[in-house]
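Residue 36 in full-length UniProt numbering sits at position 36 of the sequence shown; the count goes up by one each step and never skips.
All C-beta atoms, glycine included, are put in the ideal place defined by N, C-alpha and C.
Read through the structure below, which is laid out as C-alpha cells, and then see the notes.
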Amino acid sequence: MDRTMGWVMISLKEMGSERKSRARIGRLDGRLHVGRLDYSAGGVGRNICEALGKLGRSSHFISAVGDDQQGRILTRNIPKESSKFIKVFPGRHSAQCIVVLDKNGNCSFLMGDMSIHKLITPEVIEQHENIIKKSPLIVLDGNISEAGMDKALEMAHTHKIPVHENSRCGSP
Numbered sequence: 001m002d003r004t005m006g007w008v009m010i011s012l013k014e015m016g017s018e019r020k021s022r023a024r025i026g027r028l029d030g031r032l033h034v035g036r037l038d039y040s041a042g043g044v045g046r047n048i049c050e051a052l053g054k055l056g057r058s059s060h061f062i063s064a065v066g067d068d069q070q071g072r073i074l075t076r077n078i079p080k081e082s083s084k085f086i087k088v089f090p091g092r093h094s095a096q097c098i099v100v101l102d103k104n105g106n107c108s109f110l111m112g113d114m115s116i117h118k119l120i121t122p123e124v125i126e127q128h129e130n131i132i133k134k135s136p137l138i139v140l141d142g143n144i145s146e147a148g149m150d151k152a153l154e155m156a157h158t159h160k161i162p163v164h165e166n167s168r169c170g171s172p
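Right under this line is the structure:
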C-alpha cells in the first residue's frame with residue numbers, strides 16, 4: 001500500500017487557541033491586573049500541521065471547531081489541504097485556553113474551554129478511514145475521548161500504521 005499520502009493528526013485540544021497574558025500578579029482576589037494580551041492560533045496538532053506544511057510535507061488534520069471567529073482563525077492558520085478534515089459545529093465554541101504567564105514567561109495558570117472535544121467520536125474518526133489507512137503515521141492527541149482514541153488505535157492496528165500519542169500534562 002502506498003503510504004506517501006501524508007501524516008494524519010487526530011486532535012481536539014490542539015485546535016485550541018491561546019490567549020496569553022503577561023501581567024504582574026499579586027493576589028488573586030478579583031482585582032484587575034494590568035497586562036498585555038496576545039492572541040495566537042495554537043495547539044500541538046495545529047503546530048505540527050503548520051510545520052509540516054512549511055517543510056513541504058502534507059498532513060491531514062482531523063479535528064473539530066465551532067463556527068466562531070477562533071475556529072475561522074485556526075483553520076486559516078494551517079495549510080488548506082490539512083484543514084479540509086476539520087469539522088465545523090454550528091453553535092459551538094472552538095477550544096480555547098487562556099495562559100497567564102509571569103514576568104519571566106513561565107505559566108502561572110491556565111483556564112480552558114475544551115467541551116468541543118466530546119464531538120470527536122468514533123463515528124467521526126471512521127468517516128476518515130480512507131485517508132487514515134493511507135497515512136505513514138498517526139499522531140494522536142491525548143485529549144480526545146477514550147472511545148475516539150480506541151477507534152483510532154483500532155484503525156492503526158488494522159492498517160498496520162505506527163502511532164505517536166501526544167499526551168500533555170494537565171489534560172482533562
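Item, Value
"Outcome for Phe61 when other beta-carbon atoms lying within 10 angstroms are tallied against a minimum of 16", "buried"
"Exposure of Cys49, with buried meaning 16 or more beta-carbon neighbours within 10 Å", "buried"
"Every unbroken beta strand (DSSP E) inside the UniProt domain \"Carbohydrate kinase PfkB\" (32 to 163) [3 residues or more]", "35 to 41, 59 to 66, 86 to 89, 96 to 101, 107 to 113 and 138 to 141"
"Beta-carbon proximity list for Glu14, same chain, < 6 Å, skipping 5 on both sides", "Annotation note: pLDDT 37 at Glu14 (below 50); position unreliable, coordinate value reported separately. Gly43, Val44, Gly45, Arg46 and Asp141, listed in sequence order."
"Selection from Pro90, Ile132, Ile98 and Ala95 that minimises the alpha carbon distance to Asp67", "Pro90"
"Beta-carbon proximity check, Val65 vs Val99, cutoff 9 Å", "no"
"Distance between Asn104 and Ile116 (C-alpha atoms, nearest Å)", "32 Å"
"Beta-carbon proximity check, Ala147 vs Val163, cutoff 9 Å", "no"
"Proximity below 9 Å, CB of Ala41 to CB of Ile73", "yes"
"Candidates Met111, Pro79, Ser108 and Glu154, of which the one nearest Lys54 by Cα", "Pro79"
"Phe109 burial status per 10 Å Cβ neighbour count (16 or more: buried)", "exposed"
"C-beta contact flag for Arg76 and Ser82 at 9 Å", "no"
"Whole-angstrom distance between Arg57 and Lys160, CA atom to CA atom", "21 Å"
"Residue closest to Glu129, alpha-carbon to alpha-carbon, out of Met155, Ile138 and Leu119", "Met155"
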